[in-house]
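Asks: The listed protein sequences correspond, in order, to chains A and B. Each number in our numbering comes from the position in the first sequence (counting from 1) with 269 added on. Each number in our numbering comes from the position in the second sequence (counting from 1) with 269 added on. Idealized CB from N, CA, C, for every residue including glycine.
2 protein chains.
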Amino acid sequence: MNKTKKIPVLERVAKINEQIADENRALLRANNLICINIMGSPGGGKTTLIENTIIRLQGEKKIAVIEGDLATTIDAERIMALGVDVLQINTGGMCHLDAPLIRNALKKMDLSSIDILFIENVGNLVCPSSHDLGEDYRVIIASVPEGPHKPKKYPVIYKEADVVVITKADLLEYFPDFTEKILFNHAKEIQPEILTFSVALKRNESMDEWINWVKSVKPKIRE
Amino acid sequence: MNKTKKIPVLERVAKINEQIADENRALLRANNLICINIMGSPGGGKTTLIENTIIRLQGEKKIAVIEGDLATTIDAERIMALGVDVLQINTGGMCHLDAPLIRNALKKMDLSSIDILFIENVGNLVCPSSHDLGEDYRVIIASVPEGPHKPKKYPVIYKEADVVVITKADLLEYFPDFTEKILFNHAKEIQPEILTFSVALKRNESMDEWINWVKSVKPKIRE
Chain A
270 MNKTKKIPVL ERVAKINEQI ADENRALLRA NNLICINIMG SPGGGKTTLI ENTIIRLQGE
330 KKIAVIEGDL ATTIDAERIM ALGVDVLQIN TGGMCHLDAP LIRNALKKMD LSSIDILFIE
390 NVGNLVCPSS HDLGEDYRVI IASVPEGPHK PKKYPVIYKE ADVVVITKAD LLEYFPDFTE
450 KILFNHAKEI QPEILTFSVA LKRNESMDEW INWVKSVKPK IRE
Chain B
270 MNKTKKIPVL ERVAKINEQI ADENRALLRA NNLICINIMG SPGGGKTTLI ENTIIRLQGE
330 KKIAVIEGDL ATTIDAERIM ALGVDVLQIN TGGMCHLDAP LIRNALKKMD LSSIDILFIE
390 NVGNLVCPSS HDLGEDYRVI IASVPEGPHK PKKYPVIYKE ADVVVITKAD LLEYFPDFTE
450 KILFNHAKEI QPEILTFSVA LKRNESMDEW INWVKSVKPK IRE
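1) Since GLN357 (chain B) sits in a beta bridge, which residues does DSSP pair it with?
2) From LEU302 (chain A) to LYS331 (chain A), what distance separates their C-alpha atoms?
3) Kindly indicate if chain B contains any beta-carbon less than 9 Å away from that of THR322 (chain A).
4) GLN327 (chain A) to ILE307 (chain A), Cα distance in whole Å?
5) Mind checking whether the beta-carbon of GLU404 (chain B) lies closer than 8 Å to any heavy atom of the ligand PLP?
6) Who are GLU389 (chain B)'s beta bridge partners in DSSP?
7) Considering only residues of the same chain and omitting the five flanking positions on each side of ASN481 (chain A), which have a CB-CB separation below 7 Å?
8) Using a beta-carbon distance below 9 Å, is ALA340 (chain A) in contact with chain B?
9) Can you round the beta-carbon distance between LEU402 (chain B) and ILE371 (chain B) to whole angstroms, since I take them to be within the 8 Å contact cut?
10) Distance, Cα to Cα, PHE374 (chain B) vs ILE388 (chain B)?
11) Taking 9 Å as the cut-off, decide whether the C-beta atoms of ALA411 (chain A) and ALA350 (chain A) are in contact.
12) Within 9 Å (strictly less), CB to CB, does VAL408 (chain B) reach chain A?
13) Taking Cβ-Cβ distances below 9 Å as the criterion, which residues of the region 402 to 435 of chain B are in contact with chain A?
14) In three-state DSSP terms, what is ILE491 (chain A)?
15) Run through chain B and tell me which residues come within less than 8 Å of PRO311 (chain A), C-beta to C-beta.
16) Cβ closer than 8 Å: which chain B residues qualify as neighbours of ILE343 (chain A)?
17) Quick one: what does DSSP say SER382 (chain B) is sitting in, helix, strand or coil?
18) Quick one: what's TYR406 (chain B) bridged to in DSSP?
19) Use the C-beta contact count for VAL282 (chain A): other C-beta atoms within 10 angstroms, 16 or more gives buried, fewer gives exposed.
20) Note down, in chain order, each residue of its chain lying with its Cβ closer than 6 Å to the Cβ of MET270 (chain A), except the 5 sequence neighbours on either side.
21) Okay, do the region 289 to 297 of chain A and the region 431 to 451 of chain A touch, 3+ Cβ pairs below 8 Å being the bar?
22) Looking at the secondary structure, which residues open and close the beta strand (DSSP E) in which LEU464 (chain B) lies?
23) Which value, in whole angstroms, describes the spacing of the CA atoms of ILE289 (chain B) and GLU404 (chain B)?
24) What are the residues in the region 358 to 372 of chain B lying within 7 Å of chain A by C-beta distance?
25) Under a three-way DSSP split, which group does THR341 (chain A) fall into?
26) Determine the closest residue to PHE466 (chain A) out of A:PHE453, A:GLU458, A:LEU356, with distance taken between C-alpha atoms.
27) Tell me which residue opens and which closes the beta strand (DSSP E) that THR317 (chain B) is part of.
28) According to DSSP, simplified to helix, strand and coil, what is VAL395 (chain B)?
29) Let's see if you can read the secondary structure: which residues bound the alpha helix (DSSP H) around VAL425 (chain B)?
30) Only counting the same chain, and skipping five residues up and downstream in sequence, which positions put a Cβ closer than 6 Å to that of LEU339 (chain B)?
31) When you compare only the Cα positions, how much space is there between ALA299 (chain B) and ARG325 (chain B)?
32) Given this structure, state the Cα-to-Cα distance separating PRO397 (chain B) from VAL391 (chain A), to the nearest angstrom.
33) With DSSP as the reference, label ALA350 (chain A) as helix, strand or coil.
34) What's the C-alpha gap between GLN460 (chain B) and LYS489 (chain B)?
35) Within 9 Å of any Cβ in chain B, is that where the Cβ of LEU440 (chain A) sits?
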């Protein structure tokens, strides 16, 4: 028996995802659009942030959205109501999106007409982190009611993130243990280059810095 | 080639987990203790519910806790501060607890001295649902800021649940789209037998129904 031989199944699956992610990236680049993968816990405010971003950039940027969900079209209906193109991926119980699912979605979209493509991942702070979709940027939503320790408790997803957005900052006064500084510091300990924003959408304020970032993003240069 | 032959890998892993879960269950039964698996999104209030339950049942029930986390001991330290036995499982990035991890934990605990064992699962509304740990009851935490649609959006975990506890009900006035009735109705559409509780721990009230249930639970009779 050859002891150096290993069963290659898991590694091969990961490699296939990587390869298709690179193909997705090349397709997005060829169509000159920026792709932003929004990740976070269930109910953290991913859809609300995308909705408000669409509203603020109406007339300036052509936005489209891929919605990842286990089973429903609840989020996709909210986005569609704003008049933008939305494509729903129901994962049928799977805990994350992967590159092949995104490839299938991209085939059904008119990519040449889009400036910014948001992908809303399945609500989950663990599994989406290990699946490159071909996106330019990874944004993590950290809502105030979740508490300030999420970067420490879910370090893997923060390590691969480009941006963290604190949401539901309207509620800061009800969570005295939560300050933006604590969460941002924890996030920077894990990923020193991470960009940090905070939004309070119920008060409809403090979106400016996030919006300026979205408006100005260029394709990510990868080493 | 025999076409009826299948590669049995995935099925066998699931079967091993089931088998060890049954062994865990037998061990818990032999020691006359009830085991409650607490599941929910990151930051939903799992640890806070366990903390407050320990405080309310001090002197009445001997409680112990197994804490599941990706990387830290933050939650375990909170529980230990209350003077109860706590065992930390760091999953090293894995998105759920499984029966073998619990078996290893049970070996390190003095089971004969415990009335109720809480297991706090990894914060995740997807993956923990498909792993029987040997617990008697599965409790899902649904915090108000997450919104009322979680049972519809994460049906798999609700289908296997015995109890849903709405947490952070203090915040109901800030979420006009959330009523307890909407969430409970959605949960009952998926699992008609599910028990429903609601707690507002910052106001330190409305714990009575939940506490009465915890005090009165008997080993679950399985068909």
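Replies: Working from what's here:
1) For GLN357 (chain B), which the question treats as bridged, DSSP gives the partners B:GLU336.
2) Going by C-alpha positions, LEU302 (chain A) is about 10 Å away from LYS331 (chain A).
3) No, THR322 (chain A) lies away from the interface with chain B (no Cβ there is under 9 Å from its Cβ).
4) Straight-line Cα distance between these residues: approximately 19 Å.
5) Ligands in the displayed structure: none, and consequently the ligand PLP is not present.
6) Beta-bridge partners of GLU389 (chain B) (DSSP): B:ILE307, B:GLU336.
7) Close CB contacts of ASN481 (chain A) within its chain, under the 7 Å cut and outside five residues either way in sequence, are absent.
8) It does: the Cβ of ALA340 (chain A) has a partner Cβ on chain B nearer than 9 Å.
9) LEU402 (chain B) to ILE371 (chain B), Cβ: 5 Å. Contact.
10) Reading the sequence as shown, one finds Ala at residue 374 (chain B) and not Phe. For ALA374 (chain B) and ILE388 (chain B), the distance between alpha carbons rounds to 10 Å.
11) Their beta carbons are not under 9 Å apart, which means ALA411 (chain A) does not touch ALA350 (chain A) by this criterion.
12) Not one chain A Cβ lies under 9 Å of VAL408 (chain B).
13) Going along the region 402 to 435 of chain B in chain order, one finds ALA411, SER412, VAL413, PRO414, GLU415, GLY416, HIS418, LYS419, LYS421, LYS422, TYR423, PRO424, VAL425 with a Cβ nearer than 9 Å to chain A.
14) First, the residue type needs correcting, since residue 491 (chain A) is Arg and not Ile in the sequence shown. Three-state result, ARG491 (chain A): coil.
15) Per Cβ cutoff of 8 Å: SER310, LEU394, GLU415, LYS419, LYS422, TYR423.
16) In chain order, HIS418, LYS421, LYS422 make up the part of chain B whose C-beta sits under 8 Å from the C-beta of ILE343 (chain A).
17) Reduced to three states, the DSSP call for SER382 (chain B) is helix.
18) TYR406 (chain B) is bridged to B:ILE305.
19) With fewer than 16 neighbouring CB atoms inside 10 Å of its own CB, VAL282 (chain A) falls in the exposed class.
20) The predicted model places MET270 (chain A) with a pLDDT of 47, which falls under 50 and marks its position as unreliable; any figure quoted below should be read in that light. So no residue of the chain qualifies.
21) As far as the Cβ criterion goes, the region 289 to 297 of chain A does not touch the region 431 to 451 of chain A, which means the pair count is below three.
22) Counting along the chain, the beta strand (DSSP E) containing LEU464 (chain B) begins and ends at 464 to 467.
23) A straight line joining the alpha-carbon of ILE289 (chain B) with that of GLU404 (chain B) spans about 11 Å.
24) Only those residues of the region 358 to 372 of chain B whose C-beta falls short of 7 Å from the nearest C-beta of chain A are listed: GLY362, CYS364.
25) In the structure shown, THR341 (chain A) sits in coil (DSSP, three-state: anything other than H, G, I, E or B).
26) Checked all of A:PHE453, A:GLU458, A:LEU356; the closest Cα to PHE466 (chain A) is A:PHE453.
27) THR317 (chain B): not part of any beta strand (DSSP E); member of the alpha helix (DSSP H) spanning 315 to 325, first to last residue.
28) Coil, per DSSP.
29) Element bounds for VAL425 (chain B): 424 to 428.
30) Closer than 6 Å at Cβ, skipping near neighbours: THR360, GLY362.
31) Roughly 26 Å between the two C-alpha positions.
32) PRO397 (chain B) and VAL391 (chain A): Cα-Cα distance of roughly 15 Å.
33) When secondary structure is reduced to three states using DSSP, ALA350 (chain A) falls in the coil class, being assigned neither helix nor strand.
34) Between GLN460 (chain B) and LYS489 (chain B), the C-alpha separation is close to 16 Å.
35) Put simply, the CB of LEU440 (chain A) is near chain B, with a gap under 9 Å to one of its CB atoms.
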